[in-house]
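One structure below.
4 protein chains.
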Amino acid sequence: MQAFTFYASDDKLANRGNESSKKYTCRGINDAACRLAKEVAEEGDALVAGGLSQTPTYLSGLGKVHTQKEFQKQVDVFVENKVDFLIVEYFEHVEEIEWAIEVCLKMGKAVVASMCIGPEGDLHGVPVGECAVRMAKAGAHVVGINCHFDPFVCLDALRKMKAALDAAGLKVHLISQPLAFHTPDAHKQGFIDLPEFPFALEPRICTRWDMHKYAREAYKLGVRYIGGCCGFEPYHTRALAEELAVERGGLPKASEKHELWSAGLRMHTKPWIRARANRSYWETLKPSSGRPFCASLSQPDDWGVTAGDASLKQKTDATTDEEIAELNQHAVNGP
Amino acid sequence: MQAFTFYASDDKLANRGNESSKKYTCRGINDAACRLAKEVAEEGDALVAGGLSQTPTYLSGLGKVHTQKEFQKQVDVFVENKVDFLIVEYFEHVEEIEWAIEVCLKMGKAVVASMCIGPEGDLHGVPVGECAVRMAKAGAHVVGINCHFDPFVCLDALRKMKAALDAAGLKVHLISQPLAFHTPDAHKQGFIDLPEFPFALEPRICTRWDMHKYAREAYKLGVRYIGGCCGFEPYHTRALAEELAVERGGLPKASEKHELWSAGLRMHTKPWIRARANRSYWETLKPSSGRPFCASLSQPDDWGVTAGDASLKQKTDATTDEEIAELNQHAVNGP
Amino acid sequence: MQAFTFYASDDKLANRGNESSKKYTCRGINDAACRLAKEVAEEGDALVAGGLSQTPTYLSGLGKVHTQKEFQKQVDVFVENKVDFLIVEYFEHVEEIEWAIEVCLKMGKAVVASMCIGPEGDLHGVPVGECAVRMAKAGAHVVGINCHFDPFVCLDALRKMKAALDAAGLKVHLISQPLAFHTPDAHKQGFIDLPEFPFALEPRICTRWDMHKYAREAYKLGVRYIGGCCGFEPYHTRALAEELAVERGGLPKASEKHELWSAGLRMHTKPWIRARANRSYWETLKPSSGRPFCASLSQPDDWGVTAGDASLKQKTDATTDEEIAELNQHAVNGP
Amino acid sequence: MQAFTFYASDDKLANRGNESSKKYTCRGINDAACRLAKEVAEEGDALVAGGLSQTPTYLSGLGKVHTQKEFQKQVDVFVENKVDFLIVEYFEHVEEIEWAIEVCLKMGKAVVASMCIGPEGDLHGVPVGECAVRMAKAGAHVVGINCHFDPFVCLDALRKMKAALDAAGLKVHLISQPLAFHTPDAHKQGFIDLPEFPFALEPRICTRWDMHKYAREAYKLGVRYIGGCCGFEPYHTRALAEELAVERGGLPKASEKHELWSAGLRMHTKPWIRARANRSYWETLKPSSGRPFCASLSQPDDWGVTAGDASLKQKTDATTDEEIAELNQHAVNGP
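Residue numbers (our numbering), protein chains in the order written: chain F, 107 to 441; chain Z, 107 to 441; chain E, 107 to 441; chain A, 107 to 441.
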């Protein structure tokens, strides 16, 4: 059970007009998240994790001391709440995640480290395999990838991570938590840059059959922490668990309400729908979009800037209309 | 607040291996649904409705007496629970919905009547305008369309309904409750026939911007009972209410957690995402599917059979593997 | 053998900066075309036809006398050249083609009459079936459709023509000469309105397998003058003749250089290409566009104006840059 | 003026039922091609080239002596006909093209060498840059790429060739002769493997605007022998010449019959078509396919075998029906 502390560092809660830092405080939000997670975890016997993610401080180029200070504020709350382990996730720069891992290890916690990068590596140009090696060498117990790309692009990147870890003789577990959106057209910075992000991603949503395929491929690759990120609905996660029912020693509880491999269609009124009550129908179907006036791929924004670039300096003031107008000019004409 | 009594007639609950009729009984399910709906409705001041839908009895050609007996069993429970009004919905044949309206009116309830048909009319070939006229003449207080087609196809059908009602001098309210899936390629029987139904419809899911457009067009057409059916998520419904904020006299409660017209993007870390914080960006975007190996339109199954056809006789036995195999042959080779 | 006299009326040759009327004269061009056609026809034993098409005079609303005068100038040349029959084709208004048929019949020639319309009828709203009946009643010996739509949309329109002719008890032959471009998205005015017209139609080009299918369907419908219009390449026409080899009593001469039904692939170096040497492979293939950033359908221009509208008054002056700029405004903003 | 001697080696003319070797002989065909080319070249002052391409002998693994013997038979004819230079093109293996270059140089002719490979390199896994270096070191005066990929994929490969040549300090001219078909989905072996090859490539055909873009990009990259291969129509080649009119010192003769940058549309009858008489309209248009039931990308066959594999041994017998059936099994089920 992961406490919902994503992007809950103090600097992020005070960024661009966000009043949460003042209204609720970093400590207040992280503490509430831990308590909620523990409450639910105790309904069963789940472990509880606190989580860190990348910071505006790093993106603005303020350096290691300031960045680690932001992490420390959150980790202090996690330790007070006696979480079982820590997750450092959604980092675009391996340097920053190393700093995060360092803070976590100092507090004596096991660490899962996962970056939001793809096969092209981190935003400073560090290859994806090298990112894995550096996370492992920094002391992370599990390393891998979350967010930014679809399951199959993520697995491409994990394949490179595994090869580099093997070559370096490093033994750590692997984690994959991809999007539930198809992103074959995303470049280095992932789905953030796609024109559909974040309010028109619907045509890209994965089917449960995509998830079956993803679970099987991830398992074969050796990934043992198999999950999902943005866009995952409960039925997607259930599909992962159903695909791996044998390996996991049984079906998940959610399968009680659900006939496996579309068998529920056997009760359908129309005979041609009953004919679809078989797994191979769904596995070979290529679903249509119903959108004949839309293309299949988009051109990502690709501004190509990252930590260190002036345009990425974060600030506490709310964005003005003039700034939006200026950005739109840039978006149309380039820099 | 509509009680969840869809397809909860006794014959449907005992169809093709469904054990609900025996295990929970028609009365039990309809009664529980009414009580749940009332409980929630009392949190505010919502009206409560019970609902009827089409029956296997009709589809099997067993006639008016038997079909109305199925309706009566449900309506008795609705009356005992003192629901405020009745909804007869998801009918493919105007003859059957007339019979349903008759049962409801006898019990003294106001009736909303809505068919799951499109611009091509009902499955027996009755034009969509004539269906509206017949529902109104049967005594329904609100008539219209639900399910089976996307918002814009539904509005095309409603335009024909309105024209026919006007021509007949009939004054009733209109209801539209379309799918949240794009279905430009569906024929008479709607999305049921699309190869993606029901487990691979994801690429067809409407965006919130589609819903804004739908709400506006429906309102302009004169529809005043504007909602949604399969595929609608809470954010879709919120988009309807936000589009019509002025007409409704204010924003819905759910908008408290939501910046209007994508204004929340003003806080985004990346400048090119902040540039998208404006409504016109989203209204003109044609979202890509991320599925370059899929087509945009599908060929529906189009078996072209309906009530009266032998292949549609319903039965209580569970579907066998042999029957599935036979249906698959038919699906590939035609009848 | 049809003389190339398309759009070679005097008013057209002097329209919007066209200097052909002055430089070569209407008589000169039509006469040269007839002589060329006869020369080639005499290589075998082909018939020779002269052709008329719609006029700027009609479009500018100048009436029957002026319009028929334009036709007469061309027909005089055809008669002097003793062509075997006349083709009046590419008319968007049935009224104008009736006037053309009248001029031709007066000169004692057999007439083939074909309009560039689709299932939605002529541009003044006359239904397609009624157009056929009016052409037949005007005395045309063959009636049908050419240009503006793809083979399958044309056949849809011809089906309506045939039904109307049958209902009226009229016996004439049918002609179909569709485009070799797919146009499912074109509205009343056909491919002219598609954004790709005329310099980016490549992705819409029909395959030879489309042509086989078209030839078979046209033949079944009863069409006996089966040909093609814009976009047809010799291999498309050969495919028509090959499909109907049995009905025509043999293969066309061009098949000497061509193995039937892709049998030539049996000689291919790569085994997986030899595997494609069978007709069913090609008939079931759905060819991809290789253009993932393009949609499958376009939004036609649909200005919705026709003969009688001021914007369609033709003139002899060349179009100015200012006029182009103004038109572009209109194209973007609407009228 | 290139003599049409493509695939006219003796072993190819006798492969899989081809009777040309016996009926016309290698010498007869190559000689006739040279004479035709010279005849046409003398109408102006064009140079004449003879061409060699890859051989079944090499593919069947018969070694250098046998392969060069095949080349020698053709080159002897070219020398007798006093062609100005030689083109060795359409080679998938750099080793074979080195052998071809060697034969040509021995006869004292200047040599243009071009492989049908893409960014992934030759079929034995030699990187594309290394292929360029080896061709240059073997003595070719011009090196580059023809066929198998679209203009933009070819330029990607040429970029790698240029970088490798520069790194090796080699100075040779570059040639590009891509397909006129879009092939973003083709893998190592190019369009041969696409399911649409060779009889359903129509939706992939490039527009003239694609060609303008290709010509400009090729020129900028430093390519000076800019042409085209399969799928190029005269209007495509004219577009290359028009784009580079300034660099070439004038327009090509074919532009006499053609208004530049769509200016001919200024004479069009319909005002909305006159509005398209500007280059930027066409350069930004993303043309639709008119094929909503087709995908944008295909899955190539990818058998992944090449010279040395048993399945590629060539033979003189015609392919039997049994062999075709067996290949189809393989195509469906894999090896």
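Think of the CB as a built atom: it goes at the ideal place given N, C-alpha and C, for glycine as much as any other residue.
Contact set between residue i and chain A, taken where Cβ atoms lie within less than 9 Å
{"i": "S402 of chain F", "result": "A401, S402, L403"}
{"i": "I223 of chain E", "result": "The contacting residues do not exist; I223 of chain E stays about 15 Å from chain A at best."}
Interface residues of chain E facing residue i [CB-CB closer than 9 Å]
{"i": "P398 of chain Z", "result": "S394, P398"}
{"i": "T313 of chain A", "result": "E302, F305, A306, L307, E308, P309"}
Same chain, Cβ closer than 8 Å to residue i, five either side skipped, listed in chain order
{"i": "D291 of chain Z", "result": "L300, L403, S404, Q405, P406"}
{"i": "V259 of chain F", "result": "G224, P225, P284, T289, P290, A292"}
{"i": "I430 of chain Z", "result": "none"}
{"i": "S368 of chain E", "result": "R382, A383, N384, R385, Y387, W388"}
Within 9 Å, strictly: CB atoms of residue i and residue j
{"i": "G224 of chain E", "j": "H199 of chain E", "result": "no"}
{"i": "A380 of chain E", "j": "R372 of chain E", "result": "Reading off the sequence, residue 380 of chain E comes out as Arg, not Ala. Yes, Cβ-Cβ distance for R380 of chain E and R372 of chain E is below 9 Å."}
{"i": "V234 of chain E", "j": "K277 of chain E", "result": "no"}
{"i": "D190 of chain F", "j": "A216 of chain F", "result": "yes"}
{"i": "S166 of chain E", "j": "F197 of chain E", "result": "no"}
{"i": "T313 of chain E", "j": "W388 of chain E", "result": "yes"}
{"i": "Q305 of chain E", "j": "W315 of chain A", "result": "Per the sequence presented here, residue 305 of chain E reads as Phe, with Gln not at that position. Result yes, Cβ atoms of F305 of chain E and W315 of chain A sit closer than 9 Å."}
{"i": "A383 of chain E", "j": "H374 of chain E", "result": "yes"}
{"i": "A287 of chain F", "j": "I251 of chain F", "result": "The residue asked about is misnamed: residue 287 of chain F is Phe in this sequence, not Ala. Not in contact: F287 of chain F and I251 of chain F (Cβ atoms no closer than 9 Å)."}
{"i": "A242 of chain Z", "j": "V249 of chain Z", "result": "yes"}
{"i": "G227 of chain F", "j": "K294 of chain F", "result": "yes"}
{"i": "N121 of chain E", "j": "Q420 of chain E", "result": "yes"}
Chain Z within 9 Å of residue i, Cβ atoms only
{"i": "D256 of chain A", "result": "no"}
{"i": "F287 of chain F", "result": "yes"}
{"i": "T343 of chain F", "result": "no"}
{"i": "P162 of chain F", "result": "yes"}
Below-9 Å beta-carbon distance, residue i vs any chain F residue
{"i": "D299 of chain E", "result": "no"}
{"i": "S417 of chain Z", "result": "yes"}
Close beta carbons around residue i, own chain, < 6 Å, minus the five adjacent residues each side
{"i": "T161 of chain F", "result": "S115, D117, T173, E176"}
{"i": "P257 of chain A", "result": "P284, Y320"}
{"i": "G333 of chain A", "result": "Q283"}
{"i": "A139 of chain E", "result": "A109, F110, T111"}
{"i": "L211 of chain Z", "result": "G245"}
Short CB-CB distance (under 9 Å) between residue i and chain E
{"i": "D291 of chain F", "result": "yes"}
{"i": "T173 of chain A", "result": "no"}
Neighbour flag for residue i against chain A, beta carbons, 9 Å
{"i": "M373 of chain E", "result": "yes"}
{"i": "E176 of chain E", "result": "no"}
{"i": "N121 of chain E", "result": "yes"}
9 Å Cβ cut-off: residues of chain F touching residue i
{"i": "Q420 of chain Z", "result": "T375"}
Under 8 Å from the C-beta of residue i: neighbouring residues of chain E
{"i": "S361 of chain A", "result": "Within 8 Å Cβ-Cβ: nothing; S361 of chain A doesn't reach chain E, min ~15 Å."}
{"i": "S368 of chain A", "result": "F305"}
Where residue i meets chain F, residues with beta-carbon distance less than 7 Å
{"i": "D407 of chain Z", "result": "W378"}
{"i": "N434 of chain Z", "result": "A381"}
Own chain, CB closer than 7 Å to residue i, minus 5 neighbours either side, in chain order
{"i": "Y341 of chain E", "result": "R314"}
{"i": "V209 of chain A", "result": "Q174, F177, Q178, V181"}
Neighbour list for residue i in chain A, Cβ cutoff strictly below 7 Å
{"i": "N252 of chain E", "result": "The contacting residues do not exist; N252 of chain E stays about 17 Å from chain A at best."}
Beta-carbon neighbours of residue i, restricted to chain F and to distances below 8 Å
{"i": "T425 of chain Z", "result": "R372, M373, R380, A383"}
Chain-ordered chain Z contacts of residue i [CB-CB under 9 Å]
{"i": "L165 of chain F", "result": "T375"}
Near-chain F residues of the stretch 375 to 386 of chain Z (beta-carbon distance less than 7 Å), N- to C-terminal order: Taking 7 Å as the Cβ-Cβ cut-off against chain F, the residues of the stretch 375 to 386 of chain Z that qualify are T375, K376, P377, W378, I379, R380, A381, A383, N384.
Where the stretch 198 to 211 of chain A meets chain E: residues whose CB sits under 8 Å from a CB there: From the stretch 198 to 211 of chain A, no residue has a Cβ closer than 8 Å to chain E.
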